[in-house]
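Only one structure is covered here, and it is reproduced in the block below.
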Amino acid sequence: MARFDLYQTRSPRLPYLLDVQADLLSDLETRVVIPVLPQTGREASHVPRLHPVLMISGVAHMLMTPEITTVPREKLSKPVGNIAKHRDAITDALDFLFQGF
Numbered sequence: 001m002a003r004f005d006l007y008q009t010r011s012p013r014l015p016y017l018l019d020v021q022a023d024l025l026s027d028l029e030t031r032v033v034i035p036v037l038p039q040t041g042r043e044a045s046h047v048p049r050l051h052p053v054l055m056i057s058g059v060a061h062m063l064m065t066p067e068i069t070t071v072p073r074e075k076l077s078k079p080v081g082n083i084a085k086h087r088d089a090i091t092d093a094l095d096f097l098f099q100g101f
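In this text, residue positions in the sequence shown follow the working numbering: the first is 1, and each later residue adds one.
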């Protein structure tokens with residue numbers, strides 16, 4: 001398990017979870033994750049910096065940063081990819097959520 005690994009879920013309404021936990025803490029029993037949803041075009045109320053758009057397999061998805069949560073490690077399947085290329089946008093969203101800037 002690695003930071004920025006993307007895990008597919010069994011729910012079509014919530015297709016992905018993004019691991020944002022530091023690799024240094026990989027021995028913990030839980031992982032910190034953020035839901036990632038397909039962009040629908042009806043997200044007018046979302047704050048762009050808090051909900052960055054991430055391209056996953058050529059499809060626009062939104063990071064639902066305020067819905068950050070933890071899940072037990074054993075509940076996560078094999079990662080379907082790693083989106084570290086979006087590191088700056090993801091880290092910026094987390095900074096905005098926790099620091100307000």
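Don't be surprised by glycine CBs; every beta carbon is placed ideally from N, CA and C. No experiment lies behind these values; they were computed from the predicted model shown.
DSSP-derived helix/strand/coil call for residue i
i      : result
Ala-89 : helix
Ala-2  : coil
Thr-40 : coil
Leu-97 : helix
Pro-66 : helix
Ala-22 : coil
Boundaries of the beta strand (DSSP E) in which residue i is found, first to last residue
i      : result
Leu-28 : Per DSSP, Leu-28 belongs to no beta strand (DSSP E) and is neither H nor E.
Asp-19 : 14-19
Pro-72 : 69-72
Ile-56 : 53-56
Residue i, buried or exposed, once every other Cβ within 10 Å from all chains shown has been counted against 16
i      : result
Arg-87 : exposed
Gly-27 : Just to set this straight, residue 27 is Asp in the shown sequence, not Gly. So Asp-27 counts as exposed.
Pro-66 : exposed
Ala-60 : exposed
Proximity winner among the options, relative to residue i (alpha-carbon distances)
i      : options                        : result
Gln-39 : Thr-69, Thr-9, Met-64          : Met-64
Tyr-16 : Thr-30, Ser-45, Met-62, Glu-29 : Met-62
Ala-2  : Ala-89, Asp-95, Arg-73, Leu-94 : Arg-73
Pro-79 : Leu-24, Asp-19, Ser-11         : Asp-19
Leu-81 : Leu-97, Ser-57, Thr-91         : Residue 81 is actually Gly in this sequence, not Leu. When each option's Cα is compared against that of Gly-81, the closest is Ser-57.
Leu-37 : Gly-100, Lys-85, Tyr-7         : Tyr-7
Beta bridge counterpart(s) of residue i as assigned by DSSP
i      : result
Leu-50 : Answer by DSSP bridge pairing: none, since Leu-50 is not bridged.
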